[in-house]
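Counting from 10, one number per residue, gives the positions in the sequence shown under the working numbering. The C-beta atom is built at its ideal place from N, Cα and C for all residues, glycine as well.
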Amino acid sequence: MTENTKVILKQKHAEGYIDVAVTVMIVAFVLILAVNLVSLVALHQNVKTIAEQLTEYASMKGTTEVGSYAEDLRQKTGIDFTYSFAGSTTIDSSGRVQLGEQIVCTVTFRNSMIGFGSVIHPVELRASASGLSRVYWK
């Protein structure tokens, strides 16, 4: 190599600009990740509250048939969740739960973290709540 080429390669005049650009990109990614995580935590709290409300309603009614109440919660919260009462001890196929028996409700909501271009990370939020039936079925 010639001496002029060696001198040009040793000069680092634009190094500061690249460092600033990379730092700005890293800060932007960290902010996007932080906003996504905070929104997921808030959404998980909402899903947990929905599970508790469904369990409380099912405990008061003594049944796992809470479709109309779940639909009301979907409309009020704007969260399109699914729920199940797997683990609950029912008397028959109608979903009735005897007085003092446990009712377990699991609410699931599928969401995605966005913000990194076209990359979408699917996230499943799940919350459970349990209670005891307050109705005696004859």
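Discussion item. Measuring straight from C-alpha to C-alpha, what distance separates P131 and L49?
Written reply: If you take the alpha carbons of P131 and L49, they lie about 12 Å apart.
Worksheet item: Looking at C-beta atoms only, is the number of pairs between the segment 27–35 and the segment 102–117 that lie closer than 8 Å three or more?
Response: Touching, no.
Worksheet item: Just to confirm, are V56 and T117 a CB contact at a threshold of 9 Å?
Response: Between V56 and T117, the C-beta spacing is below 9 Å.
Worksheet item: How many Å lie between Q84 and S77 at the Cα?
Response: Using only the alpha carbons, I get a separation of about 11 Å.
Worksheet item: For V128 versus T72, is the C-beta spacing smaller than 9 Å?
Response: No, these two residues do not count as a Cβ contact at 9 Å.
Discussion item. Using only CA atoms, which one of T58, I41, S137, L52 lies nearest to F94?
Written reply: Measuring from the Cα of F94, the nearest candidate turns out to be S137.
Discussion item. So, with DSSP's three-state summary, where would you put L108?
Written reply: Correct three-state label for L108: coil.
Worksheet item: What residue from E65, I59, Y66, S102 has the CA that sits closest to G87's CA?
Response: The shortest C-alpha to C-alpha distance from G87 to any of E65, I59, Y66, S102 is the one to I59.
Worksheet item: In terms of alpha-carbon separation, which member of V44, V29, L141, A51 lies closest to R105?
Response: It is L141 whose Cα lies nearest to the Cα of R105.
Worksheet item: Among I100, E133, T91, I123, which has the Cα closest to the Cα of T115?
Response: When the alpha-carbon of T115 is set against those of I100, E133, T91, I123, the nearest one is in T91.
Worksheet item: Alpha carbon to alpha carbon, how far is Y66 from E80?
Response: C-alpha separation (whole angstroms): 13 Å.
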